[in-house]
Structure formats: C-alpha cells, structure tokens
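See structure below.
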Amino acid sequence: MSQQTLSRFFTVR
Amino acid sequence: MLEGKFDQASLLKKIIDSIRDSVKLCNFNCSQNDGITVQAIDDSRVLLIALKMDPGCFQEFRCDRDMVLGLDLESLGKILKQGNNEDYLTLIAEDNPDSLLIVFEDKKKDRISEFSLKLMDIDSDVLTIDDMDNDCSITMPSADFSKIARDFKTMSESLQIIVTKESVKFKAEGQIGSGSVIFKPHTDLDNPDESIKIDMNQPVNLTFGAKYLNDIVKASTLSSTITIKLTDKAPALFEFKLPSGYLRYYLAPKFED
Numbered sequence: 002m003s004q005q006t007l008s009r010f011f012t013v014r
Numbered sequence: 005m006l007e008g009k010f011d012q013a014s015l016l017k018k019i020i021d022s023i024r025d026s027v028k029l030c031n032f033n034c035s036q037n038d039g040i041t042v043q044a045i046d047d048s049r050v051l052l053i054a055l056k057m058d059p060g061c062f063q064e065f066r067c068d069r070d071m072v073l074g075l076d077l078e079s080l081g082k083i084l085k086q087g088n089n090e091d092y093l094t095l096i097a098e099d100n101p102d103s104l105l106i107v108f109e110d111k112k113k114d115r116i117s118e119f120s121l122k123l124m125d126i127d128s129d130v131l132t133i134d135d136m137d138n139d140c141s142i143t144m145p146s147a148d149f150s151k152i153a154r155d156f157k158t159m160s161e162s163l164q165i166i167v168t169k170e171s172v173k174f175k176a177e178g179q180i181g182s183g184s185v186i187f188k189p190h191t192d193l194d195n196p197d198e199s200i201k202i203d204m205n206q207p208v209n210l211t212f213g214a215k216y217l218n219d220i221v222k223a224s225t226l227s228s229t230i231t232i233k234l235t236d237k238a239p240a241l242f243e244f245k246l247p248s249g250y251l252r253y254y255l256a257p258k259f260e261d
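Read top to bottom, the protein sequences are chains L and V.
So for the first sequence, the numbering used here puts the first residue at 2; every next one is plus one.
So for the second sequence, the numbering used here puts the first residue at 5; every next one is plus one.
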C-alpha cells in the first residue's frame with residue numbers, strides 16, 4: 002500500500 | 005475594512021486547534037458574501053482543509069472589499085489562548101492590511117484585550133475540487149469516529165473503511181494483531197445526533213493513513229456529527245458542520261499503484 006497524494010486527483014489552479 | 009465578531013471566542017479557537025497541526029501557514033479569504041474561507045494543504049500534500057465560515061458564523065460581519073489575510077496559525081493560536089472561551093472575539097483588518105487586530109471582550113466585566121498579529125505573504129497553490137459523485141455517504145456521531153481513529157492508531161498505521169448497505173466497518177491490522185468495529189445504520193429519535201446513516205450506491209473498501217485521521221478528528225469539538233463521503237480510489241471527504249458553513253478535510257487514500 003502506498004500513500005497517494007491529492008495532486009493525483011485534483012488539479013492545481 | 006473587515007470586521008467579524010464572534011459571539012464566542014471558543015468557535016475560532018476550536019477551528020484553529022483543528023487545523024494548525026496539519027497546516028502552519030494559510031490564507032484567510034474574506035468577502036462580504038462568503039464570510040471567511042480557507043483552503044490549505046499539508047506539506048505532504050495528502051490532506052486538504054477547506055474551511056467556510058459563512059457570515060452566519062458571526063454575530064456581526066462586514067467586509068467592504070475582498071481581502072486575503074496571510075496567517076501563521078501557530079502565532080494566531082498563541083493569541084487566541086489569551087482570551088476566554090465565552091468572550092466576544094472580533095477580527096478587524098483595514099484595507100490592504102499588514103496586521104490583523106484581534107479583540108476579546110469579556111461579557112460580564114469591562115475588560116477588553118487587544119492583540120495585533122503580523123500578516124504574511126503566503127504563496128499557496130489552490131486546488132480545484134470538482135463536485136464528486138460519491139459511492140457512499142456515512143453520517144455518524146463524531147465522538148464515535150474520533151474514538152476509532154485514536155484507538156486504532158495505537159495498533160496500525162492504516163485504517164480501513166469498508167462500507168456495505170448493511171454496515172460500515174473500521175478495521176486495523178498491526179504487528180500485535182488486528183481489530184474491527186462495525187456500525188449498523190440506526191435512527192435515534194430522542195438524540196438525532198446519535199443516529200448512524202449510511203447511503204450507499206456502491207460498496208467501498210478504502211485505506212487511510214491513521215496519522216491523518218487523527219488530525220482530522222481534532223475537529224470533533226466543532227460538531228457532534230461527522231459526514232464521511234467515500235469513492236473508490238479517490239480522496240475521502242470528512243465534513244464537520246459549523247453553525248453556518250463547514251470544515252472539510254479531503255484525504256487521499258492509500259492503494260497499490
């Protein structure tokens with residue numbers, strides 16, 4: 002199991 | 005000019021206590037219609053905090069023009085400790101401010117305390133969060149969820165949340181062994197906040213870092229219930245309602261790449 006980061010799911014404005 | 009007066013200093017104290025272990029610096033965005041909103045991401049970029057203090061959170065609120073207050077939450081926390089929980093707390097900022105004035109007023113005595121907090125220029129990314137279709141939504145007493153997050157952290161670095169139509173199961177596996185707690189939906193008519201509601205479109209089985217969940221449940225002081233929205237292989241949303249507005253945490257899951 003590896004911890005995902007939010008950048009993978011949300012786009013940076 | 006910004007002037008926001010809380011009926012109880014404890015509300016802002018609890019909010020800051022709920023987020024300052026996750027993020028140190030953040031921008032408070034102030035506007036007449038939305039009140040004060042904050043979006044901040046922790047250094048590891050795993051946890052995102054979205055705070056919305058609507059004007060209804062305040063006894064009085066005015067904000068003549070939109071402004072951004074860059075705050076060091078550790079410093080703000082130090083100042084908030086100086087006031088009593090029941091005091092009125094007023095945030096005051098001039099247009100283009102370089103400091104934030106924080107005023108406590110004791111309701112019984114004629115005592116007024118004033119503090120000035122230096123503001124900072126904080127350059128932060130803003131993430132766009134689309135409205136997500138969730139596979140599951142759970143509403144449960146925040147104290148119950150808080151106990152699970154705290155207790156299971158002593159056993160494992162991860163907490164698994166497994167939702168079916170009939171139940172929500174929290175499960176931890178660690179070196180010493182494993183454990184699980186199962187909740188079934190129920191409605192408590194006498195104490196609605198004690199109810200457990202599970203809405204499920206699809207079953208989910210997600211794993212989250214126990215450390216982050218422990219930071220999230222610090223907000224349990226703000227609301228007696230928590231709503232958890234889960235979607236397979238996507239960040240979870242943990243929401244605590246404020247008197248008007250919300251404190252939301254988006255937490256990225258763990259999974260095999």
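Ideal Cβ positions, reconstructed from N, Cα and C, are used throughout, including at glycine.
Can you find a CB in chain L that lies within less than 9 Å of the CB of residue i?
i                      : result
residue 133 of chain V : yes
residue 174 of chain V : no
residue 254 of chain V : yes
residue 28 of chain V  : no
residue 10 of chain V  : no
residue 238 of chain V : yes
residue 257 of chain V : yes
residue 139 of chain V : no
residue 219 of chain V : no
residue 51 of chain V  : yes
residue 182 of chain V : no
residue 224 of chain V : no
residue 48 of chain V  : yes
Check this for me: beta carbons of residue i and residue j, under 9 Å apart or not?
i                      : j                      : result
residue 172 of chain V : residue 202 of chain V : yes
residue 205 of chain V : residue 125 of chain V : no
residue 15 of chain V  : residue 247 of chain V : yes
residue 3 of chain V   : residue 40 of chain V  : Only positions 5 to 261 of chain V appear in the structure, and residue 3 of chain V is not among them; the question remains open.
residue 170 of chain V : residue 159 of chain V : no
residue 74 of chain V  : residue 32 of chain V  : yes
residue 123 of chain V : residue 99 of chain V  : no
residue 11 of chain L  : residue 52 of chain V  : yes
residue 9 of chain V   : residue 104 of chain V : no
residue 7 of chain V   : residue 66 of chain V  : yes
residue 244 of chain V : residue 234 of chain V : no
residue 200 of chain V : residue 144 of chain V : yes
residue 7 of chain L   : residue 216 of chain V : no
residue 30 of chain V  : residue 43 of chain V  : yes
residue 165 of chain V : residue 116 of chain V : no
residue 210 of chain V : residue 236 of chain V : yes
residue 110 of chain V : residue 88 of chain V  : yes
residue 175 of chain V : residue 181 of chain V : no
residue 212 of chain V : residue 240 of chain V : yes
List, in order along the chain, the chain L residues whose C-beta lies closer than 8 Å to that of residue i?
i                      : result
residue 232 of chain V : Neighbours of residue 232 of chain V on chain L: none; closest Cβ ~17 Å, over 8 Å.
residue 260 of chain V : 2, 3
residue 45 of chain V  : 7
Report the neighbours of residue i on chain L: residues whose CB is nearer than 7 Å to its CB, in chain order.
i                      : result
residue 162 of chain V : 2
Which residues in chain C sit within 9 Å of residue i, going by Cβ to Cβ distance?
i                     : result
residue 24 of chain V : The structure shown contains no chain C; its protein chains are L and V.
Quick one: list the residues of chain L neighbouring residue i, beta-carbon separation under 9 Å, in chain order.
i                      : result
residue 213 of chain V : 4
Just checking residue i against the ligand COA - is the residue's beta carbon closer than 8 Å to any of the ligand's heavy atoms?
i                      : result
residue 217 of chain V : Here there are no bound small molecules, and the ligand COA is not part of this structure.
task: Jot down the residue ranges of each uninterrupted beta strand (DSSP E) in the stretch 176-221 of chain V, minimum 3 residues, whole runs only, in chain order.
output: Counting only runs of 3+ residues, the beta strand (DSSP E) found wholly inside the stretch 176-221 of chain V occupies 182-187, 201-204, 208-213, in chain order.
- prompt: Do the stretch 218-229 of chain V and the stretch 140-151 of chain V meet, that is, are 3 or more Cβ pairs less than 8 Å apart?
  reply: yes
task: Report the residue ranges of all beta strand (DSSP E) runs contained in full by the stretch 23-91 of chain V; include only those spanning at least 3 residues, in chain order.
output: Scanning the stretch 23-91 of chain V from its first residue to its last, the whole beta strand (DSSP E) runs of 3-plus residues come out as 29-35, 39-45, 51-57, 64-67, 71-76.
query: Would the stretch 83-90 of chain V and the stretch 104-115 of chain V be scored as touching if the rule is three or more Cβ pairs under 8 Å?
result: yes
- prompt: What alpha helix (DSSP H) runs, 4 residues minimum, are completely inside the stretch 137-172 of chain V?
  reply: 146-157
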